[in-house]
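Novice: Once you know that position 189 of the sequence shown is 189 in UniProt numbering, the rest is easy, because the numbers rise by one and skip nothing. Backbone N, C-alpha and C define an ideal beta-carbon position, used for all residues, glycine too.
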Amino acid sequence: GTKFVDGCLAGIPGGGFCMPKPLDGPSPTKSPVAKAPPVKAPLAMGGATSVTTTVITGTGEVSPTGGYVPPHLPNTVPTIEGVENVDPQTVHELLKTNACLLVDLRGEDRAAGLIEGAIHEPAIDAVPFPTKVPALVGQWANENLVIFTCQYSAHRAPQCANWYRQQASANQRVAILSGGFRGWEACNLPITALAKGETARKADEKALELGTKFVD
């Protein structure tokens, strides 16, 4: 200890002492650092990664499976027993062979576009729809299937279908078009005078206004 201090005072680096040299032999090896194995993304069945795309518009949504999901609509009307829901593709095929009657119940919101092959019978008219039902039942008595639609089939279509079902023959099928006009459009089915942009937006606003008032 005293030699170390004297060496330091004399300016000798390290006090004149050096670290002892290691004994002859193999150099110590460093322990390898373990690395985490790479994580592989799981593959879908068949070895390929499955990718689904959801298309969203201001008038609703097309789900990954292709079905139409309407926008949020308050106070939607449930259908009663005996009123079916028929998808747009099926209705399109039925119309080709005149196997159904498609009734468009819209009013001003028809500015959005028209479904080819549908007839027009407004839900909101000078004569209340329930008052018209008996005459319509007689007028459409020979139809095997009567399908009602409005912009989304959320208010007017189910309500009018319910009223009609209550008075129609038990042998006649009654239904609504699933998704309404916008559901039909989402399936890229034939439409006459399809509106775009601001006209389409205003038609949807009017549809919601008329529908909610109809069931108030």
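Check whether the Cβ atoms of residue 119 and residue 102 sit closer than 8 Å, and answer yes or no.
Specialist: Position 119 of the sequence shown, counted from the first residue, corresponds to residue 119. Position 102 of the sequence shown, counted from the first residue, corresponds to residue 102. In this structure, residue 102 lies closer than 8 Å to residue 119 by Cβ.
Novice: Is it buried or exposed for residue 204, if we count other Cβ within 10 angstroms and need 16 for buried?
Specialist: In the sequence shown, counting from the first residue as 1, residue 204 sits at position 204. Residue 204 should be labelled buried.
Novice: Suppose the cutoff is 8 Å on Cβ atoms and the five residues either side in sequence are ignored; what does the same chain contact list for residue 34 look like?
Specialist: Here residue 34 is taken as the residue at index 34 of the sequence shown, counted from 1. With a pLDDT of only 43 at residue 34, under 50, the local geometry of the prediction cannot be trusted, and the value read off the model is given with reservation. Contacts found: none.
Novice: In this structure, how does DSSP classify residue 136 when only helix, strand and coil are distinguished?
Specialist: Position 136 of the sequence shown, counting from 1, holds the residue named residue 136. It is helical.
Novice: Excluding sequence positions up to five away, which residues of its chain have a Cβ less than 7 Å from the Cβ of residue 165?
Specialist: Position 165 of the sequence shown, counted from the first residue, corresponds to residue 165. 80, 82, 83, 174.
Novice: Which value, in whole angstroms, describes the spacing of the CA atoms of residue 77 and residue 85?
Specialist: Mapped onto the sequence shown, residue 77 falls at position 77. Mapped onto the sequence shown, residue 85 falls at position 85. Their backbone Cα atoms lie some 13 Å apart in a straight line.
Novice: Between the Cα of residue 105 and the Cα atoms of 98, 115, 97, 99, which residue gives the shortest distance?
Specialist: Here residue 105 is taken as the residue at index 105 of the sequence shown, counted from 1. Residue 115 is the option with its Cα nearest to residue 105.
Novice: May I have the straight-line CA-CA distance separating residue 72 from residue 143, to the nearest angstrom?
Specialist: Residue mapping note: residue 72 aligns to position 72 of the sequence shown, counting from 1. Residue mapping note: residue 143 aligns to position 143 of the sequence shown, counting from 1. Those two C-alpha atoms are separated by around 33 Å.
Novice: Give me, in chain order, the residues of the same chain whose beta-carbon lies closer than 7 Å to that of residue 218; leave out the 5 immediate sequence neighbours on both sides.
Specialist: Residue 218 lies beyond the residue range present for the chain, which begins at 1 and ends at 216; the question has no answer from this structure.
Novice: Roughly how many angstroms lie between the CA atoms of residue 216 and residue 177, to the nearest whole one?
Specialist: Residue mapping note: residue 216 aligns to position 216 of the sequence shown, counting from 1. Residue mapping note: residue 177 aligns to position 177 of the sequence shown, counting from 1. Those two C-alpha atoms are separated by around 22 Å.
Novice: Going by DSSP in three states, residue 143 sits in which element: helix, strand or coil?
Specialist: Position 143 of the sequence shown, counted from the first residue, corresponds to residue 143. Residue state, collapsed to three classes: coil.
Novice: Looking at residue 146 and residue 167, is the spacing between their C-beta atoms short of 8 Å?
Specialist: Locating residue 167 in the sequence shown gives position 167, where the first residue counts as 1. Locating residue 146 in the sequence shown gives position 146, where the first residue counts as 1. Contact flag unset, no.
Novice: Leaving aside the five residues before and after residue 159 along the sequence, list all residues of the same chain whose C-beta is less than 7 Å from its C-beta, in chain order.
Specialist: In the sequence shown, residue 159 corresponds to position 159, counting from 1. Here the set comprises 77, 214, 215.
Novice: Would you call residue 190 buried or exposed, if buried means 16 or more other Cβ atoms sit within 10 Å of its Cβ?
Specialist: As a first step, residue 190 is located in the sequence shown; it is residue number 190 there, counting from the start. Label assigned to residue 190: exposed.
Novice: Run through DSSP, which three-state label would residue 85 get?
Specialist: Numbered from 1 along the sequence shown, position 85 holds the residue referred to as residue 85. Correct three-state label for residue 85: strand.
Novice: In angstroms, rounded to a whole number, what distance separates the CA positions of residue 184 and residue 162?
Specialist: Within the sequence shown, residue 184 is the residue found at index 184, counting from 1. Within the sequence shown, residue 162 is the residue found at index 162, counting from 1. Each residue's alpha carbon lies about 21 Å from the other.
Novice: Work out the CA separation of residue 109 and residue 152 for me, nearest whole Å.
Specialist: As a working note, residue 152 is residue 152 in the sequence shown. As a working note, residue 109 is residue 109 in the sequence shown. Looking at the two C-alpha atoms, the distance is approximately 11 Å.
Novice: Using only alpha-carbon positions, find the residue among 87, 97, 208 that is nearest to residue 154.
Specialist: Numbered from 1 along the sequence shown, position 154 holds the residue referred to as residue 154. For residue 154, the nearest C-alpha among the options comes from 208.
Novice: For the candidate residues 117, 113, 87, whose alpha-carbon lies nearest to that of residue 97?
Specialist: Here the question's residue 97 lines up with position 97 in the sequence shown. Looking at the Cα atoms, 117 is the closest of the given residues.
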